[in-house]
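Please read the structure below before turning to the comments.
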Amino acid sequence: MLVAARWHPLVALDDAVSRPTHRWAVREHGLTHTFRILTDWVWDPLTMRLVCAAAAVWLVWRRAAWWTAVWLAVTVALSTIVQQSAKAAVDRPRPTWPDPVDSAHYAAFPSGHAMTATVVCGLLLWLLHRFGAGRALWRTAVAVAAVSVAGVGLTRVWLGVHWPSDVLGGWLFGALVVAVAVMAYEWPRGGRARPPVRRPR
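Counted from 1, the sequence shown has number 53 at position 42 by our numbering; the numbering is strictly sequential.
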């Protein structure tokens, strides 16, 4: 609501963070190039959705968990609809610079990259926990998720295609989607997740 209302303190804070960040991005060519690769290929929403698709296939193939796979796919699809609807409703302009280091289109709020990374990482972490991932795998997954979610937010602001509050909004929207999805998954079973089914090897 603060973003939609163009609340002056928030706008001023966004500007105060974005301007010096953009100056660094213009000067630091190597780091800016690295961030463009990360945001365009590694943490791109399409890449994240493909990771979820692979996880859904694994759930069906190795666990015969059809319901869980469908739940995962539907949640990611619905999160995209929520994201695009919010962008259309708020219709916030992206930052504009006389010397841009990258470009992006459509409305700014919330950040699609930040929201998608939060949704995908959150869902996959929950699934790892539910299926009893070992301690080493769990710690590695948490570290990768934290770096991905925080890192993609940093790259979007560094590249000058989002305001900081766009990224924060993406994180919050993503966390809300994950929370609602998990509650919806567990609700038919009274809060008790169905024991995972192991496919014979």
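For every residue, glycine included, the Cβ atom is placed at its ideal position computed from N, Cα and C.
query, result
"Rounded C-beta distance between threonine 86 and alanine 192? I'm assuming under 8 Å.", "4 Å"
"Glycine 164 by DSSP, collapsed to three states: which one?", "helix"
"When you compare only the Cα positions, how much space is there between threonine 50 and alanine 195?", "31 Å"
"Which ranges does the alpha helix (DSSP H) cover as unbroken runs of at least 4 residues, wholly within the region 106-141, from first to last along the chain?", "123-141"
"Note down the Cα distance separating alanine 128 from isoleucine 92, rounded to an integer number of angstroms.", "15 Å"
"Taking only the alpha-carbon atoms, compute the straight-line gap between glutamine 94 and alanine 67 and give it to the nearest angstrom.", "21 Å"
"To the nearest angstrom, report how far apart arginine 60 and valine 53 are at their CA atoms.", "11 Å"
"How is arginine 210 classed by DSSP in three states: helix, strand or coil?", "Confidence in arginine 210 is poor, its pLDDT being 49 and thus under 50, which makes the residue's placement unreliable; the coordinate value appears in the next sentence. Three-state result, arginine 210: coil."
"Could you give the DSSP three-state label for arginine 103: helix, strand or coil?", "coil"
"State yes or no: is the C-beta of valine 178 within less than 8 Å of the C-beta of serine 90?", "no"
"How is the alpha helix (DSSP H) around valine 191 delimited, first residue to last?", "175-197"
"According to DSSP, simplified to helix, strand and coil, what is alanine 157?", "helix"
"Below 8 Å between beta carbons: does that hold for valine 163 and alanine 125?", "yes"
"Answer yes if the region 75-85 comes into contact with the region 97-104, meaning at least three C-beta pairs across the two stretches below 8 Å, and no otherwise.", "no"
"Nearest-angstrom Cα distance between valine 22 and glycine 133?", "29 Å"
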